[in-house]
Amino acid sequence: MVASIYLLFIIWRMNYAMESTPQNRLEQIRHRLLSAASTAMRAPTSVRLIAVSKGHPAASVEALMACGQMCFGENRVQEATTKFGAMHQRNQLELHLIGPLQTNKARQAVELFDVIETLDRPELAQALHKAMAATGKRPRLLVQVNTGLEPQKTGVTPDGLAGLLALSHQLDLPVTGLMCIPPAGEDPAPHFRQLTSLASQHSLPELSMGMSGDFESAIACGATYIRVGTALFGERSKP
Ligand SMILES: *Cc1c(COP(=O)(O)O)cnc(C)c1O
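Numbering (the working numbering) for the sequence shown: 1298 to 1536.
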């Protein structure tokens, strides 16, 4: 009797330990991604998971790489350079910049990232154009749209999008999609739907939307990339 209770306790502890590993969390997120895609009658390969590793060490990234997760997102150019710059599997990874970009970091960003998701103003379009000409690298670009019209947030307003896209076209920038971060504490679905409709108006195939708390809704609304941090890596230390 005592032995079997002890055994149950051991099994419970093992389960608990398994659930809290990054590998196990990755399995759970993949599973949720697939069932959300299936519910939306979308192909399982039409949604890609970006593991947002900001605030977490290279060792956590490598643990997920060992499970085949090859797409990562970072908020800051400097942190990403330190973490990924010298990684020897770098060329097998797809690295996304998902945080605001200063024009003076454009060149470093163009050299490191495969996708820059935060093009949001004409000066940055100009700086990226120069950086691409100078380095010969052409990461894909997404335009960040401030769908909630929040003054403290970066992103072009929905009204300003057409102008920024026209300039990007003129500068021959490889813009392939849109990205948004809906206001906290609001139903995100209307924002996701607005982004999808803007992308379709401009014939842009990629949509980066949805985070740990709302990625299933984003998939239902058409996300092709979801950006998941906390649900994969746990809480971050504050920068
Ligand atoms: C940090 C961050 C995420 C990940 O958020 P979680 O809630 O931790 O999943 C996604 N997108 C952007 C732009 C972020 O800055």
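The beta-carbon is built from N, C-alpha and C at its ideal position, and this holds for glycine as well.
- The beta-carbon separation of His1426 and Leu1458, rounded to 18 Å, does not stay under the 8 Å limit for a contact.
- From the listed residues Arg1435, Ala1515 and Gly1531, the smallest Cα separation to Gly1507 is found for Ala1515.
- One alpha carbon belongs to His1488, the other to Ser1301, and they sit about 52 Å apart.
- By the criterion of at least three beta-carbon pairs nearer than 8 Å, the region 1412-1420 is in contact with the region 1439-1447.
- Straight through space, the alpha carbons of Leu1398 and Met1429 are spaced by roughly 15 Å.
- Nearest neighbour of Asp1456 by Cα position, chosen from Ala1355, Gly1445 and Ala1406, turns out to be Gly1445.
- In this structure, the straight-line span from the alpha carbon of Ile1478 to that of Val1407 is close to 22 Å.
- Linking His1466 to Met1367 through their CA atoms gives a straight-line distance of about 30 Å.
- For His1499, the three-state secondary structure derived from DSSP is coil.
- Judged by DSSP secondary structure, Ala1406 falls within the alpha helix (DSSP H) whose first and last residues are Ala1403 to Leu1409.
- Between the region 1370-1377 and the region 1329-1339 there are fewer than three inter-stretch CB-CB distances shorter than 8 Å, so the stretches are not counted as touching.
- No Cβ-Cβ contact shorter than 9 Å links Ala1528 with Ser1505.
- Ranked by Cα distance from Ser1335, the options Ala1517, Ile1523 and Leu1390 are led by Ala1517.
- When secondary structure is reduced to three states using DSSP, Gly1457 falls in the helix class.
- Within the same chain, Cβ atoms closer than 7 Å to the Cβ of Glu1420 are found at Thr1400, the five residues on either side in sequence being excluded.
- In the DSSP secondary-structure assignment, Val1412 is bridged to His1393 and Arg1437.
- Comparing C-alpha distances from Glu1391 to each of Asp1411, Arg1524 and Phe1381 shows the shortest one belongs to Asp1411.
- By the neighbour-count criterion, in which a residue is buried when 16 or more other Cβ atoms sit within 10 angstroms of its Cβ, Ala1403 is buried.
- Counting only residues of its own chain and dropping the five nearest sequence neighbours on each side, Leu1495 has a CB closer than 7 Å to the CB of Val1442, Pro1455, Leu1458 and Leu1475.
- At least one heavy atom of ligand 1 lies closer than 8 Å to the C-beta of Ser1509.
- Comparing C-alpha distances from Leu1409 to each of Ser1500, Ala1422, Thr1432 and Ala1424 shows the shortest one belongs to Thr1432.
- Note on geometry: alpha-carbon atoms of Gln1389 and Ile1523 lie some 19 Å from one another.
- Secondary structure at Ile1516: helix, using DSSP grouped into helix, strand and coil.
- Uninterrupted beta strand (DSSP E) stretches at least 3 residues long and entirely within the region 1332-1400 occur at 1345-1349, 1368-1371 and 1391-1394, given in chain order.
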